[in-house]
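Participant:
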């Protein structure tokens with residue numbers, strides 16, 4: 002027995018006036034997702050608990066069976082791991098943004114005009130070079146990833162992830178001083194190092210030739226790096242140990258890939274899987290089916306539904322749902338129904354109306370040889386609420402799936 | 002107000018192809034269970050949590066309202082208490098099997114050909130006699146119960162239940178050395194004593210005249226005793242104290258009877274109640290109705306449904322469900338509906354298809370004067386999932402029942 006879990010990021014939503022009171026999922030024609038609902042068991046999931054809006058990292062930890070609020074130790078380290086950067090248990094990592102500030106350090110653009118990866122790479126190279134020649138009481142690794150995104154890793158003794166961000170989160174606000182978030186010497190020390198690095202990076206960037214050229218072209222200069230979401234490695238028992246399975250993940254998003262890697266899952270890189278609207282969902286579907294030959298449990302993550310919600314784009318969200326329906330169609334056609342459990346859910350609700358993650362539950366459908374099918378005939382937030390699984394928590398999903406795979410040990414006699 | 006709780010051991014199941022996708026419960030004609038569903042409130046219960054397959058001892062602890070994973074301390078002591086053997090808080094008890102090994106200590110039969118109780122008793126007598134003349138750093142009590150089953154109790158200072166079993170669990174494997182399961186001196190000491198006893202018992206048994214006679218008759222010799230499931234007394238607040246009730250239990254199974262005794266319940270022995278397919282369910286029903294004269298809460302446990310599932314016998318399981326339906330019929334006819342709450346559930350799902358305890362939820366029906374009846378008209382896994390109780394946890398059941406009996410105190414003002 003094997004299992005595929007498909008997570009549509011932020012796929013669940015609230016009723017929308019422009020859809021005559023339907024959610025995007027309810028308003029979209031998605032015959033294969035509905036087919037799953039008809040032949041499976043449905044329900045709704047509170048990723049953490051009712052009314053609680055989780056980030057995708059926290060929600061994914063829960064859907065993988067972890068006590069997410071206990072194990073979560075910040076985004077930085079997860080995204081670093083997902084970006085292929087080594088993080089040791091004593092390291093601290095920040096997720097960083099190349100950004101644009103005016104001369105008073107007021108933020109003009111939090112993404113430096115979504116700077117091209119090429120420009121960011123050149124700036125990064127010079128920052129790393131300069132940093133290596135200086136002393137910062139910690140080893141510093143700075144690495145850009147895609148566009149404005151970068152990772153800062155601090156390595157050394159006595160560091161803490163309990164420090165605030167320098168990102169003020171809104172345009173028009175001044176860059177924040179990084180502050181310790183608890184009374185430890187480690188947090189004070191880490192904040193001091195981070196603030197020193199913030200200034201040091203800014204000095205390198207503000208008159209950098211790359212930025213001069215950008216200004217000439219009418220582009221925003223990347224004259225500062227904002228440090229966000231300090232994190233350290235979470236303490237996770239890998240799924241391999243917990244259930245004795247071989248798990249894999251197909252996900253273009255470094256943050257979620259990082260979570261999955263730390264959960265012991267093998268990341269499978271798929272060409273054309275980009276984490277954007279343009280992602281090649283069918284390539285993911287094919288990779289997932291192929292992965293089932295070597296792995297017991299394959300997670301397929303699709304980001305676009307969440308992007309569309311944050312961008313407030315109803316039709317984009319519906320298009321992404323159609324793509325996920327295609328993914329399901331391919332998986333249904335190319336797996337043995339007697340040997341495969343297929344589950345589809347969302348990691349959280351993202352409301353088109355508010356543009357935010359919300360605490361409403363998400364629908365779940367599970368199809369497989371031994372499930373107690375119910376009479377739900379449609380995959381949607383409200384239809385699934387009437388399903389045989391009832392209302393469960395995110396961390397219940399993995400034990401349910403693993404039990405069907407015969408991987409949960411009986412306790413007691 | 003009084004309450005009867007009927008537990009069909011492993012009665013819940015998964016859909017079966019040979020029953021056209023129904024479960025045994027769904028496929029069986031059981032008018033009285035359905036009548037209960039029609040006139041009561043239904044739901045589904047996760048004995049521990051979704052996807053978690055419990056043993057019957059752990060599940061019964063949960064259904065009696067305890068935090069089962071916290072209080073469970075191993076099967077041995079529970080079964081000893083249920084077999085009428087005194088266990089003190091500092092004692093350790095093993096559940097034992099008379100078994101057959103070859104000369105290399107490889108297990109040939111884990112039950113010595115299901116040795117007759119009479120033969121086991123003779124062997125036990127000689128073992129106990131020899132043990133009494135020897136020094137083992139602990140007082141040793143060895144007592145056979147039914148057929149190949151026996152209990153070994155160790156009494157003395159510095160003992161621990163954190164030791165492994167000598168039973169390799171499968172035929173064809175060598176008897177295991179008992180190992181400490183933690184770093185304490187107590188565990189090391191207990192393992193040492195147990196290993197010494199294993200050898201000592203084997204020496205007595207291997208050329209014992211009972212075994213010589215068995216071999217002559219073509220029966221397997223009981224030439225070893227396997228020590229399993231070391232346990233100590235769990236720390237349970239008895240139901241008498243917790244709710245101020247007089248509780249009783251009707252159950253032929255020593256393990257479950259032990260759990261109930263430790264929960265402060267009075268065991269009522271019923272002639273013909275055997276814990277097998279042949280059990281006299283009507284005798285149990287009569288005893289239960291009679292017990293209601295003296296007790297507030299009576300638990301009736303029926304084992305056969307679980308046996309049938311482990312044996313993969315669909316028709317046997319359906320027969321046992323019909324018997325339970327008869328039990329319900331008698332109770333309905335002979336109790337005052339204005340004064341009696343009747344609940345029926347299972348302690349866990351046992352799948353005929355896998356032959357194992359599974360983590361799927363179990364159905365529950367509760368009938369009584371003040372329940373909020375729903376429109377479920379059938380007692381089955383899927384029908385009950387639509388019931389008014391929704392999806393609850395095993396440990397929620399007792400407070401619900403006791404609240405209807407007026408036995409749960411308000412907390413707060």
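Residue numbers (our numbering), protein chains in the order written: chain A, 2 to 414; chain B, 2 to 414. A virtual CB, placed ideally from N, CA and C, is assigned to each residue, including glycine.
(1) Rounded to whole angstroms, what's the CA-CA distance from residue 414 of chain B to residue 252 of chain B? Just pull it up for me.
(2) Using the rule of at least 16 other Cβ atoms within 10 Å of the residue's Cβ for burial, across every protein chain shown, is residue 171 of chain B buried or exposed?
(3) Is the distance from the Cβ of residue 82 of chain A to the Cβ of residue 118 of chain A below 8 Å?
(4) List, in chain order, every chain B residue whose beta-carbon is nearer than 9 Å to that of residue 409 of chain A.
(5) Kindly give me the distance between the Cβ atoms of residue 161 of chain A and residue 188 of chain A, rounded to whole angstroms, as I take these residues to be in contact under 8 Å.
(6) How many Å lie between residue 221 of chain A and residue 207 of chain A at the Cα?
(7) I'd like to check one pair, residue 297 of chain B with residue 239 of chain B: are the Cβ atoms closer than 8 Å?
(8) Chain A partners of residue 45 of chain B, CB-CB under 9 Å?
(9) Looking at C-beta atoms only, is the number of pairs between the region 109-128 of chain B and the region 64-74 of chain B that lie closer than 8 Å three or more?
(10) How should residue 313 of chain A be labelled, buried or exposed, when 16 other C-beta atoms within 10 angstroms of its C-beta is the threshold for buried?
(11) At a cut-off of 7 Å, is residue 378 of chain A close to the ligand MN when judged by its beta-carbon and the heavy atoms of the ligand?
(12) For residue 226 of chain B, which residues in chain A fall below 9 Å Cβ to Cβ?
(13) Measuring only the C-alpha atoms, how far is residue 39 of chain B from residue 246 of chain A?
(14) Is the CB-CB distance between residue 372 of chain B and residue 42 of chain B below 8 Å?
(15) Near residue 255 of chain A, which residues of its chain fall below 7 Å by C-beta distance, leaving aside the five closest residues on each side in sequence?
(16) Would you mind giving the Cβ-Cβ distance between residue 199 of chain A and residue 182 of chain A, rounded to the nearest angstrom? I have them listed as a contact below 8 Å.
(17) Short of 7 Å in beta carbon distance, which residues of its chain neighbour residue 317 of chain B, apart from the five on each side in sequence? Order them along the chain.
(18) In the structure shown, what three-state DSSP assignment does residue 160 of chain A receive?
(19) Check this for me: beta carbons of residue 34 of chain A and residue 402 of chain A, under 8 Å apart or not?
(20) Ends of the beta strand (DSSP E) at residue 120 of chain A?
(21) Flag this pair as touching only if the region 278-297 of chain A and the region 110-117 of chain A have three or more C-beta atom pairs under 8 Å; answer yes or no.
(22) Taking a cut of 8 Å between CB atoms, which residues from the region 16-45 of chain B lie near chain A?
(23) Starting from residue 278 of chain A, trace the alpha helix (DSSP H) both ways and give me its first and last residue.
(24) Cα-Cα, which of B:21, B:154, B:15 and B:378 is closest to residue 366 of chain B?
(25) Is the distance from the Cβ of residue 336 of chain A to the Cβ of residue 293 of chain A below 8 Å?
(26) Where in the region 312-350 of chain B do unbroken runs of the alpha helix (DSSP H), each at least 4 residues long, occur, reported from the N-terminal end onward?
(27) What does residue 144 of chain B pair with, by DSSP beta-bridge criteria?
(28) Do you know how far the Cα of residue 344 of chain B is from the Cα of residue 326 of chain B?
(29) Can you name, in chain order, every residue of its own chain whose Cβ lies under 7 Å from the Cβ of residue 275 of chain A, other than the five neighbours on each side?
(30) What residues from chain B crowd round residue 115 of chain A, counting only those whose CB sits closer than 9 Å?
(31) Of the residues B:176, B:94, B:406 and B:174, which one's Cα is nearest the Cα of residue 144 of chain B?
(32) Note down, in chain order, every chain A residue with its Cβ under 8 Å from the Cβ of residue 57 of chain B.
(33) For residue 229 of chain B, write down the residues that DSSP places opposite it in a beta bridge.
(34) Contact check, residue 315 of chain A vs residue 25 of chain A under 8 Å by CB: the rounded distance?
(35) Out of A:352, A:381, A:392 and A:387, which one is the CA nearest neighbour of residue 448 of chain A?
Facilitator: With the given structure in hand:
(1) Here residue 414 of chain B corresponds to residue number 413 of the second chain, with the count starting at 1. Here residue 252 of chain B corresponds to residue number 251 of the second chain, with the count starting at 1. For residue 414 of chain B and residue 252 of chain B, the distance between alpha carbons rounds to 40 Å.
(2) Position 170 of the second chain, counted from the first residue, corresponds to residue 171 of chain B. Exposed is the call here.
(3) Taking the first chain and counting its residues from 1, one reaches residue 82 of chain A at position 81. Taking the first chain and counting its residues from 1, one reaches residue 118 of chain A at position 117. Going by C-beta atoms, residue 82 of chain A is not nearer than 8 Å to residue 118 of chain A.
(4) Translated into positions along the first chain, residue 409 of chain A becomes position 408. Ordered by position in chain B, the residues that pass the 9 Å Cβ test against residue 409 of chain A are 52, 53, 54, 359 and 360.
(5) Counting from one through the first chain, the residue named residue 161 of chain A turns up at place 160. Counting from one through the first chain, the residue named residue 188 of chain A turns up at place 187. About 4 Å; that satisfies the 8 Å criterion.
(6) Position 220 of the first chain holds residue 221 of chain A. Position 206 of the first chain holds residue 207 of chain A. Residue 221 of chain A and residue 207 of chain A have their C-alpha atoms some 12 Å from each other.
(7) Taking the first residue of the second chain as 1, we reach residue 239 of chain B at position 238. Taking the first residue of the second chain as 1, we reach residue 297 of chain B at position 296. No, these two residues do not count as a Cβ contact at 8 Å.
(8) Your numbering for residue 45 of chain B matches position 44 in the second chain. Going along chain A in sequence order, the residues near residue 45 of chain B (Cβ under 9 Å) are 389 and 391.
(9) Touching, no.
(10) Taking the first residue of the first chain as position 1, residue 313 of chain A is located at position 312. Counting other Cβ atoms within 10 Å of its Cβ, residue 313 of chain A stays below 16 and is therefore classed as exposed.
(11) Within the structure as shown, the ligand MN is missing, as the structure has no ligands at all.
(12) Within the second chain, the letter at position 225 stands for residue 226 of chain B. The premise fails here: residue 226 of chain B is roughly 18 Å from chain A at the closest Cβ pair, so nothing lies under 9 Å.
(13) Taking the second chain and counting its residues from 1, one reaches residue 39 of chain B at position 38. Taking the first chain and counting its residues from 1, one reaches residue 246 of chain A at position 245. Approximately 43 Å, taken between the alpha carbons.
(14) By one-based count along the second chain, residue 372 of chain B stands at place 371. By one-based count along the second chain, residue 42 of chain B stands at place 41. Yes, they are a contact pair.
(15) Working through the first chain from its first residue, we reach residue 255 of chain A at position 254. For residue 255 of chain A, where only same-chain residues beyond five positions count, the Cβ hits under 7 Å are 80, 83, 84 and 146.
(16) Position 198 of the first chain, counted from the first residue, corresponds to residue 199 of chain A. Position 181 of the first chain, counted from the first residue, corresponds to residue 182 of chain A. Contact between residue 199 of chain A and residue 182 of chain A is ruled out by a C-beta separation of about 17 Å, above the 8 Å threshold.
(17) Taking the second chain and counting its residues from 1, the one referred to as residue 317 of chain B is at position 316. These residues qualify, in order along the chain: 278 and 309.
(18) Along the first chain, one-based indexing puts residue 160 of chain A at 159. Three-state result, residue 160 of chain A: coil.
(19) If you number the first chain from 1, residue 34 of chain A lands on position 33. If you number the first chain from 1, residue 402 of chain A lands on position 401. Contact flag unset, no.
(20) Along the first chain, one-based indexing puts residue 120 of chain A at 119. Per DSSP, residue 120 of chain A belongs to no beta strand (DSSP E); it is in the alpha helix (DSSP H), 118-133.
(21) No, they do not touch.
(22) Within the region 16-45 of chain B, the qualifying residues are 16, 22, 24 and 45.
(23) As a working note, residue 278 of chain A is residue 277 in the first chain. DSSP places residue 278 of chain A in no alpha helix (DSSP H); its state is neither H nor E.
(24) Within the second chain, numbered from 1, the residue matching residue 366 of chain B stands at position 365. Ranking B:21, B:154, B:15 and B:378 by Cα distance to residue 366 of chain B puts B:378 first.
(25) Taking the first chain and counting its residues from 1, one reaches residue 336 of chain A at position 335. Taking the first chain and counting its residues from 1, one reaches residue 293 of chain A at position 292. Contact: yes.
(26) If we require 4 residues or more, the alpha helix (DSSP H) runs fully inside the region 312-350 of chain B come out as 315-334.
(27) Taking the second chain and counting its residues from 1, the one referred to as residue 144 of chain B is at position 143. Answer is B:152.
(28) Taking the second chain and counting its residues from 1, the one referred to as residue 326 of chain B is at position 325. Taking the second chain and counting its residues from 1, the one referred to as residue 344 of chain B is at position 343. For residue 326 of chain B and residue 344 of chain B, the distance between alpha carbons rounds to 13 Å.
(29) Locating residue 275 of chain A in the first chain gives position 274, counting from the first residue. Excluding its 5 nearest sequence neighbours in each direction, residue 275 of chain A has C-beta neighbours in its own chain below 7 Å: 253, listed in chain order.
(30) Counting from 1 along the first chain, the entry for residue 115 of chain A is found at position 114. Listed by position along chain B, the residues whose Cβ is nearer than 9 Å to that of residue 115 of chain A form an empty set, because the closest Cβ is around 42 Å away.
(31) For the purposes of this step, residue 144 of chain B is taken as the residue at position 143 of the second chain. It is B:94.
(32) Working through the second chain from its first residue, we reach residue 57 of chain B at position 56. Neighbours of residue 57 of chain B on chain A, chain order: 413 and 414.
(33) Taking the first residue of the second chain as position 1, residue 229 of chain B is located at position 228. Answer is B:96, bridged to residue 229 of chain B.
(34) Taking the first chain and counting its residues from 1, one reaches residue 315 of chain A at position 314. Taking the first chain and counting its residues from 1, one reaches residue 25 of chain A at position 24. Between residue 315 of chain A and residue 25 of chain A a beta carbon distance of about 6 Å is seen, short of the 8 Å cut, so the two are scored as contacting.
(35) Because chain A here runs from 2 to 414, residue 448 of chain A falls outside it and cannot be looked at.
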